[in-house]
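J.: First the structure, which I've put down as structure tokens, then a few questions once you've had a look.
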Amino acid sequence: MDALQMSLRTLCAHNADGSRMTQAQRFAGLLALADDLRSLGYRLPDAQSLKPKHVGVLVESWKQQGLSDGTIKNRMSWVRWVAMKTRKPGLIPQDNAELGLADKPVFKGARADTTTRARMTALPERMQLALRLQMAFGLRLEESLKFRVADADKGTAVTLTGSWCKGGRARTIPVTHDRQRDLLDELHTFCGGGSLVPAAMSYRAFRRAVERATLKAGITNVHKHRHWYACWRFRTLSGIKPPVEGGPSHDRLPPAEQARLDAIRMEISRELGHGRIQVTDAYLGRRWPPREAAQ
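Residue numbers (UniProt numbering): 1 to 295.
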């Protein structure tokens, strides 16, 4: 193990963000990344020595090896994590396009939906609460199951700890509706200081139980709850429907309105645990119509 790998190992050990699987994948990926840099002739003393030119060299090397843009973007997520932990935001561009990586066409049609109370009655109460958390705050299933209301509830907002979140990215989501407040109060009563994962079960075991139970109840896609939350927030913040629900795309709007809606999309992106406006196309519909449709 060379100096850079030792430094990355220490960085990972002192920053246990995300699930154990996420941590293990990140650690293995960063060690492999350091191996690649060494094979390209770069022997760095520590993670702090990483520079944008090293990122560019890695991306170019991976492209020459025939790796897909999706695979490279996954590896870039580890580099972004290092940039955050070493306080070097300029290490990697925010937009993958600046690295020559194409954004995939993320919009796959309308997917937002709720799960009715009637359908949820087939589930145990703690599983019902998990699905309701998804709808109320746009949480991923893992975040919903690991949610500890005693730690998260700040009154006017909920704060998600990094260890609950994808990529270890902590975030804050505002409490703006009485139904959100009522749900948090229910969770205080039900969970106390714990999460929705039963004390006698591991997270993985409980997640498998949730997936089996929801499938048996005819609930086949819980990710739709995040889409529903995103659309609800867009309507609330903007006063209009998102494109996925028949609202206008940017080509039909003046520049000032485009800027206003972009700011709203960025807020929703942050609340969902993302950091790029492009991601909102998957939830809200495209800001701009496809080129062939615009012509």
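For every residue, glycine included, the Cβ atom is placed at its ideal position computed from N, Cα and C.
On a predicted model such as this, the values are computed, not experimentally measured, just so you know.
Since Phe147 and Leu99 should fall inside the 8 angstroms C-beta cutoff, what is the C-beta to C-beta distance between them, to a whole number of angstroms?
T.: Contact doesn't hold; Cβ gap of about 34 angstroms is too wide.
J.: Closest by CA to Asp95, which one among Leu253, Asp113, Ala259, Lys73?
T.: Lys73
J.: Using DSSP with H/G/I as helix, E/B as strand and the rest coil, what is Ala152?
T.: For Ala152, the three-state secondary structure derived from DSSP is helix.
J.: Please identify the residue among Asn15, Leu30, Val175 whose C-alpha is closest to the C-alpha of Met76.
T.: Answer by Cα proximity: Leu30.
J.: By DSSP, does Val158 sit in helix, in strand, or in coil?
T.: strand
J.: With DSSP as the reference, identify every bridge partner of Arg171, one or two as the case may be.
T.: The partner list for Arg171 (beta bridge, DSSP) reads Leu160.
J.: Just to confirm, is the Cβ distance from Arg38 to Asp69 under 8 angstroms?
T.: no
J.: How long is the line joining the alpha carbons of Val55 and Trp232, rounded to whole angstroms?
T.: 38 angstroms
J.: Ignoring anything shorter than 4 residues or poking outside the region 56 to 127, list the alpha helix (DSSP H) runs there in chain order.
T.: 69 to 85, 117 to 120
J.: What is the DSSP secondary structure of Phe27, reduced to helix, strand or coil?
T.: helix
J.: Shortest alpha-carbon distance to Ala150 belongs to which of Leu8, Trp81, Gly193?
T.: Gly193
J.: How far does the alpha helix (DSSP H) with Ser210 in it extend, from its first residue to its last?
T.: According to the sequence provided, residue 210 is Val. The question's Ser does not apply to it. Per DSSP, Val210 belongs to the alpha helix (DSSP H) from 203 to 216.
J.: Just the C-alpha distance for His14 and Pro290, rounded to the nearest angstrom, thanks.
T.: 44 angstroms
J.: Roughly how many whole angstroms lie between the Cα atoms of Leu33 and Ser7?
T.: 13 angstroms
J.: Any idea if Gln5 is buried or exposed, counting beta-carbon neighbours within 10 angstroms, 16 or more meaning buried?
T.: Label assigned to Gln5: buried.
J.: Between Arg287, Ala47, Arg171, Thr10, which has its C-alpha nearest Gly246's C-alpha?
T.: Nearest option by C-alpha distance: Arg287.
J.: Check whether the region 137 to 147 and the region 195 to 210 touch, using three or more Cβ-Cβ pairs below 8 angstroms as the test.
T.: The region 137 to 147 makes contact with the region 195 to 210, as at least three CB pairs between them are under 8 angstroms.
J.: Check whether the Cβ atoms of Val244 and Leu284 sit closer than 8 angstroms, and answer yes or no.
T.: yes
J.: Measuring only the C-alpha atoms, how far is Thr220 from Ala118?
T.: 15 angstroms
J.: Roughly how far, in whole angstroms, is the beta-carbon of Arg179 from the beta-carbon of Ala112, given that I think they are within contact range, below 8 angstroms?
T.: So it is not a contact: roughly 17 angstroms between Cβ atoms.
J.: Could you please give the first and the last residue of the uninterrupted alpha helix (DSSP H) stretch that includes Cys165?
T.: Looking at the DSSP string, Cys165 is not in any alpha helix (DSSP H), and its letter there is neither H nor E.
J.: Looking at the secondary structure, which residues open and close the alpha helix (DSSP H) in which Leu264 lies?
T.: The question names Leu, but residue 264 is Ile in the sequence shown. Where Ile264 is concerned, the enclosing alpha helix (DSSP H) stretches over 255 to 271.
J.: Assuming Ala200 is part of the alpha helix (DSSP H), what are its boundary residues?
T.: No alpha helix (DSSP H) holds Ala200; DSSP gives it neither H nor E.
J.: Between Leu145 and Ala122, how many whole angstroms is the CB-CB distance? I'm expecting something under 8 angstroms.
T.: No, Leu145 and Ala122 are not in contact; Cβ-Cβ is about 18 angstroms, not under 8 angstroms.
J.: Determine, using beta carbons only, whether Ser202 and Ala16 come nearer to each other than 8 angstroms.
T.: no
J.: Which residues in the same chain as Pro105 place their Cβ atom closer than 7 angstroms to its Cβ, once the five residues preceding and following it in sequence are excluded?
T.: With a pLDDT of only 46 at Pro105, under 50, the local geometry of the prediction cannot be trusted, and the value read off the model is given with reservation. Once the five neighbours on either side are set aside, Pro105 has no close Cβ partner at all.
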